[in-house]
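Let me begin by presenting the structure, written as structure tokens, before commenting on it.
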Amino acid sequence: MAKLTFHMGITLRCYGNVEVEADSIEAAFPMLTADFVGEHIDITETTTDSGQDLAIIDVSDADTGEELASYDGYFLPSPYDQKPDAELLAALTDARTFLCDSYPLRLGDGLRYVALRKQMDAAIARAEGTPDPDAALIAAINAAKPGKVWCFIAGMHPHPRMNDFLLGVAVLGEAGWEPVQPLQTGATYNAVAERSETLNKRLPWSAETCIAIVADTMRRSEQKRQAQSMAEAERERIAQALDDEADTTPCMEDAKVVRDCARLVRADFSYEEAERLAEAEGRTKWLT
């Protein structure tokens, strides 16, 4: 078991270290109850400014002093907090997944997406008793490039490899990117590559690797956009065929059903779903 030193804010005016033996940092979190911290804290600093109340600042190896993780003030759950409702937590997790699958198209939507996703991540992490996985990374990126570049691009295209992607965006921000510049600009790629040696001192990957990550992300984004466009074109083709069928259907009632089906297809119902709706109304003559 490793010996870990948790540097923590204990009250709004006091900081200290708590040493814990655990298999991993995550395994130590359940041990850091208010009573345990109160009994084992080694006070290192007091301040007159508002600080972190029972929150983890960073974690280091107790023997070597090497910093293992930075949490930038991750708040531990209070023993007096109500336990989260399991169904509410599941709904919040599902909503986050849906949000990450969405595709905001405007700058304002992108920035709102990032802010909302961060709030949901923090809420889920607090409920589950685990730190927000992106907290340390986001803090590092903001320190390297305060501002909107990574917010804009991450908000425009949520990606499963979010950590890698944000690091790639951080590299581009370091190279002087502006949100309105297209990612396909080869000259900017070259500018980042030329500064890779400098950037490597601050980020774990080369500029070329980060560029490849961002390029891959945007390629997937374009593929998704093209797939959506093709799906819309196919829906319109089916709907138009139904409209044409309605024009040649002698029975007005049957023609109305066909036009309703075309309308449902245009509203993103599949043909099969539209067919089932028609069958539910008992009017299937035009389908046979």
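So that you can map any letter, position 176 of the sequence shown is 209 in my numbering, and since no number is skipped, the others follow by simple counting.
Idealized CB from N, CA, C, for every residue including glycine.
Please find out if some non-hydrogen atom of the ligand MN comes closer than 7 Å to the beta-carbon of Ile90. As for the ligand MN, it is missing from this structure, which has no ligand bound.
Beta-bridge pairing of Thr80 - partner residues as DSSP gives them: DSSP output for Thr80 lists no bridge partner at all.
Which residue marks the beginning of the alpha helix (DSSP H) containing Ile58, and which one marks its end? Ile58 to Ala61
Does Phe39 pass the burial test, meaning 16 or more other C-beta atoms within 10 Å, or should it be called exposed? buried
Mapping DSSP to helix, strand and coil, what is Cys47? strand
With burial defined as no fewer than 16 other Cβ atoms inside 10 Å of the residue's Cβ, what is the status of Cys284: buried or exposed? exposed
So the candidates are Ala156, Ile43 and Ala279; which of them puts its Cα closest to the Cα of Ile89? Ile43
Cα separation between Asp280 and Ala295? 12 Å
Within 10 Å of its beta-carbon, does Ala128 have 16 or more other beta-carbons around it, so buried, or fewer, so exposed? exposed
Gly98 - partner residues in DSSP beta bridges: BP columns for Gly98 are empty, so no partner.
Reduced DSSP secondary structure (H/G/I, E/B, other) of Thr281: coil
If you count every other CB in all the chains shown that lies within 10 Å of the CB of Met34, and 16 or more means buried, which is it? exposed
Return helix, strand or coil for Leu37, following the three-state DSSP convention. strand
In terms of residue numbering, what span does the alpha helix (DSSP H) encompassing Ala67 cover? Ala67 to His73
Contacts around Ala156, its chain only, beta-carbon distance under 8 Å, and the 5 residues preceding and following it disregarded: Leu125
Ala300 by DSSP, collapsed to three states: which one? coil
To the nearest angstrom, report how far apart Ser93 and Ala158 are at their CA atoms. 21 Å
With a CB to CB cut of under 8 Å and the five nearest residues on each side skipped, what residues in its chain are close to Leu37? Glu52, Val53, Glu54, Ala55, Ile58, Ala61, Val92, Ser93, Asp94, Ala95 and Leu101
Quick check on the burial criterion: 16 or more other C-beta atoms within 10 angstroms. Buried or exposed for Gln214? In this prediction, Gln214 scores a pLDDT of 38, lower than 50, which makes its location untrustworthy; no coordinate-derived value is stated.
Report all residues from its chain with a CB closer than 8 Å to the CB of Gln78; omit the five preceding and five following residues, and keep chain order. The amino acid at residue 78 is misidentified as Gln; the sequence shows Glu. Result list for Glu78: Cys47, Tyr48 and Gly49, in chain order.
Does the Cβ-Cβ distance between Val298 and Ile271 come in under 8 Å? yes
With a threshold of 16 other CB atoms inside 10 Å of the CB of Met263, please say whether the residue is buried or exposed. exposed
Check whether the Cβ atoms of Ala67 and Leu87 lie closer than 8 Å to each other. yes
For the putative contact between Ala274 and Thr282, defined by C-beta atoms under 8 Å, what is the C-beta separation to the nearest angstrom? Between Thr282 and Ala274 the Cβ distance is about 13 Å, and since that is not below 8 Å, they are no contact.
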